[in-house]
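Start counting the sequence shown at 2; every next residue gets the next number (this note's numbering). Every residue gets a Cβ at the ideal spot worked out from N, C-alpha and C, and that includes glycine.
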Amino acid sequence: MHVVNYPFARGRAGYGARVITVIAAVMLVAVTMQAQDIKQAPGGKKISPDLFGLFFEDINYAADGGLYAEMVQNRSFEYSPSDRQEWHPFSCWQYITPGYSYGSVNVETNAPVHPNNPHYVVLNIEHVGDSVAGGVGLRNRGFSGMPVKAGEQYNFSVFAKSVSRAPLTIAVSLQNNKGKVLAQRNISITNGEWKQYTASLVPAEDNDSASLVILATTKGRLALDMVSLFPEKTFKNRPNGLRADLAQLLADIHPKFIRFPGGCLSHGDGLGNMYRWKNTIGPVEQRVEQKNLWGYHQTAGLGYFEYFRFCEDIGAKPLPVLPAAVSCQNSGGTWRIGGTGQQALDMGQMPDYVQEVLDLIEWANGPATSAWGAKRAAAGHPAPFNLEYVGIGNEDKITPEFEQRFRMIYEAVKAKYPNITVIGTVGPFPSGEDFTKGWSLAAALDVPVVDEHYYSQPEWFISNQYRYDAYKRNATKVYVGEYASWGNKVKNAMAEAAYMTALERNGDVVAMASYAPLLAKKGFTQWNPDMIYFSNTRACPTVNYYVQQLFSTNQGDTYFENVLVKDPADSVLAGSCVQDSKTGDLILKVVNAGPTAKSVKIKLARFKKIKRDATCTILTGDADAANTFEQPKAVIPVQLDFKAEKEFAYAASPMSLTVIRIKTK
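Here it is, written out as structure tokens:
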């Protein structure tokens, strides 16, 4: 026996260093087997290769003002009281007349860029005063300020027309809070019909709270719509793209799939608010904007094309969730009285709605010569997206109306696209009436996968680690589409980690799992907990994020029992052993969700060809520690070298997740 000491400091939270002691028994064993033999080691069972992924919903300003990189708020003047009582088409805009200029501004709808985007503004420039700084125009401060960096490019665009038919000039600038010009370009508006104009702005200095100013500097009448500003450096420099730092954090998880656009957002607040995928593709000025169920506005700039493209960019499978032709049962705020607001599409509308679902699959997978595949190709993606999964419904109340409509949709998809895996729903809770009815419907229809959701205290996750051990092995599989412990402290993350080892153990039943929600903007958060908190300039991954990342980047497709040996009565000590058949790597995960160090025996004798040089990644901290904007790296993973043996004891420190990755020869 020998002892290896690993000094480990927990980041910058001032917790001090902890010494992690690994007790290893050295056993020198002759190596005679070929590398492929380890892939056939006894006791392994195949588990889902798509187990860990992400769930994205536009909640907490996750899309507009968040992941979607558009910097202008209310860019198309479509804000309304239906979004928020105090909002209107001119919200987030300031009418300005510097240099003793004067004129007027109106919001009009009589001749829009597109009927789906009815509102626009008309500036009446009656007098331009100061020849240098004068003009009549608008200021937009974005989502609580526009952060810009010196020397970087920002791409401005606007749809405009000269209503007075005479050419007009506009000065487009980025300014700081005191009116100092950071960058400026002049644009001549010469057309009497709607036309898109573009310009590049390169600020001379950094500023975290800049604003965009558009000043008409010649007399006349000018119509403006779709005022937009994007950083050139979006994720992978995509036009109409994503905020690079947030998208990279998601890419760094290496998820197997991404579920989108919701959540409750999918089935919406009433039938008129259901998320209809066709309204979110094509040119952004032609997309249908609408109220966000979570109490703000959604531009649909981050639409189905952008979701699918992002999935492809990071190697994740797309998992779109479509309404089951019913609205959220909490529509109209009825969650306050028990949730009886579910509305269902009239049966006369169902053939068209079923076709809408089928059209999505053709849009995603059909050849560029097909009707809907041609629309995908026109957006710049002639190749299919290779869609495999479609979710139908989200946390729905399992009413007769729901059952009837779900059956119609499911049977139509199964008949036309038998290779598509349809994921059903069993309500919002891990038990109860909707859960029971949902599972009965799934069994009756032979639905391949259903979506279970639950949020609870850490103790629930610890005590329910054997939930899926009792599920039928050859029946409908489970997608744990939304789950989280109530909190972002280390104790919450470790309870989730312990539960995730059980998901791996039951990876033959649990096909997929995703923590939720994903993103939350500082000062605009409606729901906690979330995985990543962010501001306009910073992002703060939680301890929960790092747990998800460690599991997702260390997935396997074969699970092995009895490799980690512990006291069965010890519920806070958990572990798993999986193998990645592509690399041959063995991956051990050890979770100690308790307050004291605990030891687990590791037995690798069945694997005849392993390398001693391995890696050990440890995430640990005090139970109540958390990552914050003030200390964003208080608790982060640390990777160490490790010597693997055929049999050894591992001492897991309190509140820790350890991932040991062992290569095979």
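Using DSSP with H/G/I as helix, E/B as strand and the rest coil, what is residue i?
i, result
"Asn475", "coil"
"His454", "strand"
"Ser165", "coil"
"Thr341", "coil"
"Glu646", "coil"
"Val108", "strand"
"Cys578", "strand"
"Tyr500", "helix"
"Lys604", "strand"
"Leu272", "helix"
"Ser267", "helix"
"Val491", "helix"
"Asp571", "coil"
"Glu127", "strand"
"Asp1", "The displayed coordinates of the chain run from 2 to 666. Any statement about residue 1 would go beyond what the structure contains."
"Arg85", "coil"
"Arg76", "coil"
"Asp470", "helix"
Apart from the five residues on each side of it in sequence, which residues of its chain come closer than 6 angstroms, Cβ to Cβ, to residue i?
i, result
"Asn125", "Gly104, Ser105 and Arg222"
"Tyr469", "Asn507, Val510 and Val511"
"Asn493", "Pro459 and Ser486"
"Pro385", "Asn366"
"Asp360", "Trp373"
"Met34", "Note that Met34 scores a pLDDT of 24, beneath 50, so its modelled location is shaky and nothing firm can be said."
"Lys599", "Leu574, Asn593 and Ala653"
"Cys617", "Leu641, Phe643 and Ile661"
Can you tell me the Cβ-Cβ gap for residue i and residue j, rounded? I've got them flagged as a contact below 8 angstroms.
i, j, result
"Tyr121", "Ala224", "6 angstroms"
"Tyr651", "Val591", "6 angstroms"
"Ser102", "Gly136", "6 angstroms"
"Met495", "Leu658", "6 angstroms"
"Leu250", "Ala217", "Wrong, their Cβ atoms sit about 40 angstroms apart, outside the cutoff."
"Ile254", "Ser577", "Going by Cβ atoms, the distance from Ile254 to Ser577 rounds to 18 angstroms, so no, they are not a contact pair."
"Ala211", "Val173", "Not really, about 13 angstroms apart at Cβ, beyond 8 angstroms."
"Gly392", "Leu442", "Not really, about 15 angstroms apart at Cβ, beyond 8 angstroms."
"Phe56", "Ser515", "4 angstroms"
"Leu520", "Leu346", "Between Leu346 and Leu520 the Cβ distance is about 30 angstroms, and since that is not below 8 angstroms, they are no contact."
"Glu233", "Tyr155", "7 angstroms"
"Leu213", "Asn141", "5 angstroms"
"Ala380", "Phe261", "Wrong, their Cβ atoms sit about 17 angstroms apart, outside the cutoff."
"Glu58", "Gly264", "3 angstroms"
In chain order, what residues of the same chain have a beta carbon less than 8 angstroms from the beta carbon of residue i, not counting five sequence neighbours either side?
i, result
"Cys541", "Ile533, Tyr534, Phe535, Asn628, Thr629, Phe630 and Pro633"
"Ser464", "Ser572"
"Glu109", "His120, Tyr121, Val122, Val123 and Ala224"
"Thr191", "Ser163 and Pro168"
"Pro429", "Glu396, Asp435 and His454"
"Gly45", "Thr559, Tyr560, Phe561 and Gln580"
"Ile39", "Confidence in Ile39 is poor, its pLDDT being 38 and thus under 50, which makes the residue's placement too unreliable to answer from."
"Gln185", "Ala172, Val173, Ser174, Leu175 and Leu202"
Using DSSP bridges, identify the partner residues of residue i.
i, result
"Asn208", "Val149"
"Ala514", "Phe53 and Val481"
"Arg260", "Phe56 and Leu320"
"Phe160", "Gln197 and Asp226"
"Asn118", "His115"
"Lys590", "Ser577 and Val660"
"Leu183", "DSSP, once it has assigned bridges, lists no residue as partnering Leu183."
"Asn465", "None; Asn465 has no bridge partner."
"Gln95", "Arg140"
"Ser174", "Gln185 and Val214"
"Thr400", "Looking at the DSSP assignment, Thr400 forms no beta bridge with any residue, so it has no partner."
"Gly100", "Gly100 is not bridged to any residue."
"Asp614", "Lys644"
"Tyr155", "Leu202 and Pro232"
"Ile48", "Paired residues: none, contrary to the question."
"Phe561", "Gly45"
"Lys599", "Ala653"
Is there a Cβ from chain D that is less than 7 angstroms from the Cβ of residue i?
i, result
"Phe236", "No chain D appears in this structure, which consists of one protein chain only."
With a threshold of 7 angstroms on Cβ separation, who are the neighbours of residue i within its own chain once the five nearest residues in sequence on each side are excluded?
i, result
"Leu446", "Arg408 and Tyr411"
"Lys47", "Asp509, Asp558 and Thr559"
"Lys417", "Leu359"
"Ser189", "Pro168 and Thr170"
### Task
Report the residue ranges of all beta strand (DSSP E) runs contained in full by the segment 404 to 448; include only those spanning at least 3 residues, in chain order.
422 to 426
### Query
Counting only runs that start and end within the segment 218 to 251, where is the beta strand (DSSP E) found for 3 or more residues in a row?
221 to 232
### Message
Ignoring anything shorter than 3 residues, give me the beta strand (DSSP E) runs that lie fully in the segment 278 to 336, in order along the chain.
### Response
291 to 293, 297 to 299 and 318 to 323
### Continuous alpha helix (DSSP H) assignments of at least 4 residues falling wholly in the segment 525 to 558
544 to 553
#### Entry: Sequence ranges, beta strand (DSSP E) only - wholly within the segment 342 to 397, length at least 3
390 to 393
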